[in-house]
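Residue numbers (my numbering): 77 to 247.
Every residue gets a Cβ at the ideal spot worked out from N, C-alpha and C, and that includes glycine.
Note that the structure is a prediction, hence the values are computed from the model and not measured.
Just below is one structure, and these are the notes that go with it.
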């Protein structure tokens, strides 16, 4: 089983690339981590933003462990900006049958701050993107692959990932 996290700051293209990657790989499953806990549910449970992030990650972990145990997919893809603690958590799932890769999308800050497609960034998102760049979400030292996708189409970015995976899984 391959477990792939498409990492990066807000508006780096994680979801778009993940969905295209899911379409490109056979026997894969894409999980949008943000959808594992709605804002309404977060409010109803009385969770802070940080507690909500932790809850989403905990729910993702349950799915990963279930899919790993029942072997119902060959590739599990999720899109989430992670910190080292989460990287180490998911890296610990590796064994002779399972490999985890953290792939980071890293367009320039200026590109990330630009409205793309139909998405209009909020003031909070602009502020959070700047904070994420200051915290190095765009270039973490624990990434297996960092892609400057600022001048690529999403399909070009997917091809870079597919080429990387082919080389990494042949080794």
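Which same chain residues, not among the five before or five after residue 151, have their C-beta less than 6 Å away from its C-beta?
-> On the chain shown, position 75 is the one that residue 151 refers to. Excluding sequence neighbours, residue 151 sits near 78, 101, 104.
Cβ neighbours of residue 205 in the same chain (closer than 8 Å, five flanking residues each side left out) | The residue given as residue 205 occupies position 129 in the chain shown. 85, 86, 87, 185, 188, 189, 197.
Can you name the start and end residues of the alpha helix (DSSP H) that residue 245 belongs to?
-> Locating residue 245 in the chain shown gives position 169, where the first residue counts as 1. Its alpha helix (DSSP H) spans residues 230-246.
Out of curiosity, what's the CA-to-CA distance linking residue 176 and residue 239?
-> On the chain shown, position 100 is the one that residue 176 refers to. On the chain shown, position 163 is the one that residue 239 refers to. Roughly 16 Å between the two C-alpha positions.
Ends of the beta strand (DSSP E) at residue 151?
-> The count along the chain shown starts at 1 and reaches residue 151 at position 75. Looking at the DSSP string, the run of the beta strand (DSSP E) that includes residue 151 is 151-155.
Sort 208, 90, 120 by Cα distance to residue 154 and report the nearest one.
-> On the chain shown, position 78 is the one that residue 154 refers to. Among 208, 90, 120, the Cα nearest to that of residue 154 is on 90.
Residue range of the unbroken alpha helix (DSSP H) whose run includes residue 205 | If you number the chain shown from 1, residue 205 lands on position 129. Note, residue 205: alpha helix (DSSP H), 199-210.
Which two residues bound the contiguous beta strand (DSSP E) that contains residue 86?
-> Sequence index remark: in the chain shown, residue 86 carries index 10 (1-based). Careful: residue 86 lies outside any beta strand (DSSP E) and carries neither H nor E.
Short check: CB of residue 182 to CB of residue 220, under 8 Å?
-> Against the chain shown, residue 182 aligns to sequence position 106. Against the chain shown, residue 220 aligns to sequence position 144. Going by C-beta atoms, residue 182 is not nearer than 8 Å to residue 220.
Pick out the complete alpha helix (DSSP H) segments inside the stretch 154-199, 4 residues or longer, and give them in chain order.
-> 160-167, 185-188
With residue 105 as the anchor, note down where its beta strand (DSSP E) starts and where it stops.
-> Counted from its first residue, the chain shown places residue 105 at position 29. It spans 104-108 - the beta strand (DSSP E) in which residue 105 sits, taken as one unbroken run.
With C-beta atoms as the reference, is residue 180 less than 8 Å away from residue 222?
-> Along the chain shown, read from residue 1 onward, the residue named residue 180 stands at position 104. Along the chain shown, read from residue 1 onward, the residue named residue 222 stands at position 146. Contact flag set, yes.
Have a look at residue 236 and residue 106 and give me their C-alpha separation to the nearest angstrom.
-> Within the chain shown, residue 236 is the residue found at index 160, counting from 1. Within the chain shown, residue 106 is the residue found at index 30, counting from 1. Near 18 Å, if we compare the C-alpha coordinates of residue 106 and residue 236.
Of all the options 81, 109, 110, which has the alpha carbon lying nearest to the alpha carbon of residue 97?
-> Counted from its first residue, the chain shown places residue 97 at position 21. Checking every option, the nearest Cα to that of residue 97 belongs to 81.
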